[in-house]
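Residue numbers (the numbering used here), protein chains in the order written: chain H, -8 to 108; chain P, 256 to 436. Heads up, the thing below is written out as structure tokens.
Here's what the structure looks like:
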């Protein structure tokens, strides 16, 4: 439990840090109200069209591939924690696991899914 | 002995504080998910919900589950949701999650469901003295995964690869259709 206590203090310190910064700036900042302050900042120029633009679908491919390898990390984690106990056989088994997944990555590469079009 | 007791008390009260902080941020985040007008902001508060849930898992000594929660839910699922929302957005994103009159039906229904679950939870005989919960679950998990269940473990890799190739095939088909039309 005591290990996690540090994380709790870290979270509290993070909250305090941002709260103090925002609160202080709220207290001491000069006040001037005009509608230009609420506009979206884009290199100092007025924005053209709505700022909530639609994303390119290409991003979604990356997101999907990311999720696959995100799940892979999940299986790497327990192996990495008890790496020394599992020994050489654990290493071999993990490499088989990674190899199967790299096949998928190789296929993605071959199909040009990683190229930006 | 008395000192030990005091130490345990302090730990318990700290756990209680942590639980209330986490439960508070979880409920606030969940409320923001349903009430915020912008769907992207809703997804961002969903990430807060998932992180708080991971904290509650840590309080229950389920550290691997917490890692799963952060990696898969806060990382993977929320990124999918953000992209899903931004790809299929409606005209104005600021009005993409409007409140409508259906909450008048939904609120009593969910309230009744909550009452039912609460009743069942209050009536069921909980096992209060389970065995000792290990401090770290991951160290016990790794030998099970990599020694006793190696074949299912490698099958997971095959399953993930199949999912990846399926994704690529689907994306390719969508792209080809887009080009021809």
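In this text, a Cβ means the ideal position worked out from N, Cα and C, and glycines have one as well.
Per-residue DSSP class, three states only, for residue i
| i | result |
| --- | --- |
| residue 292 (chain P) | coil |
| residue 39 (chain H) | coil |
| residue 45 (chain H) | coil |
| residue 407 (chain P) | helix |
| residue 24 (chain H) | coil |
| residue 315 (chain P) | coil |
| residue 72 (chain H) | helix |
| residue 379 (chain P) | coil |
| residue 353 (chain P) | coil |
| residue 108 (chain H) | coil |
| residue 420 (chain P) | helix |
| residue 394 (chain P) | helix |
| residue 384 (chain P) | coil |
Nearest to residue i (by Cα), restricted to the options the options
| i | options | result |
| --- | --- | --- |
| residue 287 (chain P) | P:380, P:302, P:274, P:276 | P:302 |
| residue 395 (chain P) | P:374, P:300, P:319, P:276 | P:319 |
| residue 69 (chain H) | H:85, H:20, H:25 | H:85 |
| residue 76 (chain H) | P:415, P:398, P:413 | P:398 |
| residue 73 (chain H) | P:392, P:279, P:309 | P:392 |
| residue 44 (chain H) | H:53, H:31, H:36, H:35 | H:31 |
| residue 67 (chain H) | H:53, H:87, H:48 | H:87 |
| residue 340 (chain P) | H:-3, H:1, H:47 | H:47 |
| residue 412 (chain P) | H:108, H:62, H:83 | H:62 |
Cβ neighbours of residue i in the same chain (closer than 6 Å, five flanking residues each side left out)
| i | result |
| --- | --- |
| residue 55 (chain H) | none |
| residue 27 (chain H) | none |
Close Cβ partners of residue i (< 7 Å) along its chain, the five nearest in sequence each way excluded
| i | result |
| --- | --- |
| residue 292 (chain P) | 349, 350, 352, 353 |
| residue 405 (chain P) | none |
| residue 388 (chain P) | 316 |
| residue 324 (chain P) | 305, 308, 309, 312 |
Residues near residue i by beta carbon distance below 8 Å, same chain, minus five either side
| i | result |
| --- | --- |
| residue 355 (chain P) | none |
| residue 59 (chain H) | 92, 95 |
| residue 408 (chain P) | 400, 401 |
| residue 270 (chain P) | 314 |
Cβ contact (3+ pairs, closer than 8 Å) linking the stretch 290 to 309 of chain P and the stretch 326 to 338 of chain P
yes
Is the stretch 331 to 340 of chain P in contact with the stretch 8 to 20 of chain H, if contact means three or more CB pairs nearer than 8 Å?
Counting C-beta pairs with one atom in each stretch, the stretch 331 to 340 of chain P and the stretch 8 to 20 of chain H have fewer than three that are closer than 8 Å, which means they do not touch.
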